[in-house]
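Report on the structure given below.
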Amino acid sequence: MTRRVELASAVATIKAKRNGGIPRVGQLKLTDKTLYLNVKIKGNAGIVNLVDVNTRREVGITNIDGNKLNAGRDYILDSMRVLVGATGSDDLKNESWVSPWSITGQNSLPKAFLGAEFRINQDRNQLVDMPITDLCQDGFVSSFRSLSTSPLIRSNMEFEMEIEYPKGVSVPVDQEYNIRIEVRAHQAQV
Numbered sequence: 002m003t004r005r006v007e008l009a010s011a012v013a014t015i016k017a018k019r020n021g022g023i024p025r026v027g028q029l030k031l032t033d034k035t036l037y038l039n040v041k042i043k044g045n046a047g048i049v050n051l052v053d054v055n056t057r058r059e060v061g062i063t064n065i066d067g068n069k070l071n072a073g074r075d076y077i078l079d080s081m082r083v084l085v086g087a088t089g090s091d092d093l094k095n096e097s098w099v100s101p102w103s104i105t106g107q108n109s110l111p112k113a114f115l116g117a118e119f120r121i122n123q124d125r126n127q128l129v130d131m132p133i134t135d136l137c138q139d140g141f142v143s144s145f146r147s148l149s150t151s152p153l154i155r156s157n158m159e160f161e162m163e164i165e166y167p168k169g170v171s172v173p174v175d176q177e178y179n180i181r182i183e184v185r186a187h188q189a190q191v
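Note that the working numbering has the sequence shown beginning at 2, numbered continuously upward.
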C-alpha cells in the first residue's frame with residue numbers, strides 16, 4: 002500500500018469516527034489510545050532514542066512494548082504533548098505529571114530540552130518532526146498539540162521515537178528532570 006493510500010485510509014477512518022458512527026470502517030475496529038513514555042533527561046545530549054527493541058511495557062513507565070506494533074494493530078496519531086515531573090522523583094512510577102508551566106508560572110523545562118527536536122520515524126520516513134516547544138503549550142492546562150497530517154505507525158515495522166539536542170548543548174546533570182511524552186492515537190485493529 003502506498004503512503005498516499007495509507008493517509009487516505011487514515012483520513013477516512015477519522016472522518017467516520019467523527020461522524021458519530023460506530024468506530025468501525027470496513028473490517029477495522031477503532032480504539033482510542035494514549036501512548037505514553039516516562040523518561041529521565043538528566044545529562045542528555047546529541048540524539049537520544051527513546052524507544053528500541055528493549056523497551057518493555059511497564060504500567061506507570063510506558064505502554065509501548067518494543068519498537069514494533071503487534072500484527073494487525075496500526076496507530077493513527079492524532080495529537081501529542083510533553084509533561085514534566087513536579088517532584089524530580091527517582092521513581093518515574095511515583096512522579097506527578099504536570100504542565101511545564103504549572104510549577105513556576107513559566108516553562109520549567111531546561112533550555113537544552115526546549116531547544117531540542119522530537120521525531121517519530123518509520124521505514125525511512127519522518128512521521129513527526131517538530132521542536133519540543135511545539136509540544137509544551139503555554140498555560141497551566143497542558144493541552145495536546147494536534148497533528149494535522151494524521152501520521153500512521155504501521156504494525157510489524159520498526160519505528161523510532163527520538164529527541165535530538167542542539168550541537169554542543171546538554172541537559173544539566175546537577176538536577177533531576179523527568180518528562181512524560183503522551184501521544185493520542187486511534188488504534189486500528191484488523
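Even glycine gets a Cβ: it sits at the ideal position worked out from N, Cα and C.
Exercise for the section: Return the chain-ordered list of same chain residues with a C-beta closer than 6 Å to the C-beta of T32, the five sequence neighbours on each side being excluded. Expected result: Cβ within range, chain order: Q188.
Problem - Sub-7 Å separation of D79 and R155 beta-carbons - result: no
Exercise for the section: Give the range of the beta strand (DSSP E) segment to which A189 is assigned. Expected result: Its beta strand (DSSP E) spans residues N179 to Q190.
Problem - CA-to-CA distance, V99 to A87, given in whole angstroms - result: 6 Å
Handout entry: Residues near G73 by beta carbon distance below 8 Å, same chain, minus five either side
Key = S156, Q190 and V191
Handout entry: I23 classed as buried or exposed, judged by whether at least 16 other C-beta atoms fall within 10 angstroms
Key = With a pLDDT of only 44 at I23, under 50, the local geometry of the prediction cannot be trusted, and the value read off the model is given with reservation. With fewer than 16 Cβ atoms within 10 Å of its Cβ, I23 is classed as exposed.
Problem - Cutoff 6 Å; reference D130; Cβ partners in own chain excluding five residues on either side - result: R120
Practice task
Would you grab the beta carbon distance between S171 and A113 for me? Rounded to a whole angstrom, and I think it's under 8 Å.
Solution key: 6 Å between Cβ atoms; contact.
Problem - Y76 - partner residues in DSSP beta bridges - result: I154 and Q188
Handout entry: Proximity of E183 and Y37 at Cβ, strictly below 7 Å
Key = yes
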